[in-house]
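Working notes for the structure below.
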Amino acid sequence: MSDLPSLSSPSPSVQPTVSQPLGAWAQFSVAQLLLWMISLAALLTGAYGYLTRAQLAERVAQDAARAISQSQALAKDAQQSARTAQDLSRDALNKLQALETRLAESQNQQLALEKLYEDLSRSKEEWVLIEVERTVELAAQQLQVAGNVNGAIAALQTADARLARANKPQYASIRKVINRDIERLRAMPAADITGLALKLSALSEQVDELALISDPAALERRSTPSTLRAFENRSWYQRIWDDVKSELEGLVRIRKFQNDQTLLLSPEQGRIVRETLKLNLLQARLALLARNQLLLAHDLSTIEQSVKQHFDEKSVVTRAFLGTLKQIASAPVVLEYPTLNDTLSAIAAASGAAVAKPLR
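The numbering used here puts the first residue of the sequence shown at 162, with every later residue one more than the last.
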């Protein structure tokens, strides 16, 4: 029995066979855990990218909806401006018809005077005073209705010439008052309505030449003759450095805009902006012809704000456009014209004296 192996002392080779499978399983578990962690990180990264793209798409959709809403608002404003322009045109036409009616009335009065020359037997002095009175009344109408200073001066000069041809001492006081009114009218500042209207028409033709801020070509209008001359006077290495710096600056441009929607203007929206600006200029021209100073100032302010908001102020054309607007806004449109009541009173006094005691 002593030859049999003892059961109480196990063989030393048995222990490694038990520990080796446990180490392999532990290595497999760590590798699997790392794989799961990498997969989870990739999944989270993909989910975050998807959410970011979804938010970006939603933001772009909101910006597009906002731009469409603004385009619709601009279209409504253009329609409203067109209706306002039609109303102003109708008012101007009515005023023109009223002036034509007044002119017809003046012509009828002239015909009535000619008939009076034939039918009534009045003294020569009375007829002279009647003719002068009608001429002065015509001058007053030119001032109060049409604001025509030159026409009023011409009418007063005609009345003075008529009194001079009569060559009567009693007409000296009337001629003195007439000449005083002529000097007062000559001293008044002239309201160049025709010149201002031509300037507004020229601005309307320049609208299509204005560069929108959203136009990429507007970003290239930065070189001036002074900077070019300074560039030519530099050395060769300074020119190379300026070329490199210019190329680097062309890669990234930072510009500040007061309205973010300005860069979102599509070509169709840009066309609507230009048409709206033309309608505002037409409305300003009608307000000018109607001699409405308040409405003209409001229209010019609206035009200036629109140009500064949508067009490149660094452009030469835009600066000239805004400069012309300021000239028109500073020009006088409505003037307070003097009345000719003193002249009419002097004529009436002379007429009363002639009726009471006719001069032969």
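Note that the Cβ used here is the ideal one computed from N, Cα and C, for glycine as well. Because the structure is a prediction, the values reported are computed rather than measured.
C-alpha gap between residue i and residue j, whole angstroms
| i | j | result |
| --- | --- | --- |
| residue 382 | residue 479 | For residue 382, the predicted model reports a pLDDT of 48, less than 50, meaning its position is unreliable and no value from the coordinates is stated. |
| residue 202 | residue 193 | 14 Å |
| residue 209 | residue 431 | 38 Å |
| residue 513 | residue 465 | 58 Å |
| residue 476 | residue 484 | 12 Å |
| residue 325 | residue 344 | 18 Å |
| residue 346 | residue 257 | 24 Å |
| residue 205 | residue 191 | 21 Å |
| residue 282 | residue 269 | Because residue 282 carries a pLDDT of 48, less than 50, the predicted location of this residue cannot be relied on, and the following value inherits that uncertainty. Using only the alpha carbons, I get a separation of about 21 Å. |
| residue 458 | residue 254 | 22 Å |
| residue 245 | residue 251 | 10 Å |
| residue 481 | residue 461 | 15 Å |
| residue 106 | residue 296 | Not covered by the structure: residue 106. The range shown for the chain is 162 to 521. |
| residue 265 | residue 225 | 59 Å |
| residue 212 | residue 237 | 37 Å |
| residue 198 | residue 217 | 28 Å |
| residue 311 | residue 499 | 14 Å |
Bridge partners - residue i, DSSP secondary structure assignment
| i | result |
| --- | --- |
| residue 373 | 472 |
Distance CB(residue i)-CB(residue j) smaller than 8 Å
| i | j | result |
| --- | --- | --- |
| residue 235 | residue 368 | no |
| residue 352 | residue 493 | yes |
| residue 440 | residue 239 | yes |
| residue 448 | residue 438 | no |
| residue 363 | residue 473 | no |
| residue 357 | residue 489 | yes |
| residue 339 | residue 315 | no |
| residue 496 | residue 349 | yes |
| residue 452 | residue 308 | yes |
| residue 267 | residue 317 | no |
| residue 336 | residue 306 | no |
| residue 361 | residue 442 | yes |
| residue 444 | residue 232 | no |
| residue 486 | residue 354 | no |
Collapsed DSSP secondary structure at residue i in the structure displayed
| i | result |
| --- | --- |
| residue 352 | coil |
| residue 428 | helix |
| residue 497 | coil |
| residue 511 | helix |
| residue 385 | Residue confidence is low: residue 385 scores 43 on pLDDT, short of 50, so the model does not pin down where it sits. Its coordinate-derived value is still stated next. Reduced to three states, the DSSP call for residue 385 is coil. |
| residue 396 | coil |
| residue 487 | helix |
| residue 282 | Note that residue 282 scores 48 on pLDDT, short of 50, meaning its location in the model is unreliable; the coordinates nonetheless yield the value given after this. Coil at residue 282, not helix or strand. |
| residue 439 | helix |
| residue 239 | helix |
| residue 255 | helix |
| residue 451 | coil |
| residue 492 | coil |
| residue 329 | coil |
Would you check if the stretch 463 to 475 and the stretch 258 to 274 touch, i.e. whether three or more CB-CB distances between them fall below 8 Å? no
Three-pair Cβ contact test at 8 Å for the stretch 327 to 334 versus the stretch 353 to 373: No, because fewer than three Cβ pairs between the stretch 327 to 334 and the stretch 353 to 373 fall closer than 8 Å, the two stretches do not touch.
Touching or not, the stretch 289 to 305 and the stretch 492 to 512, by the rule of three or more beta carbon pairs under 8 Å? yes
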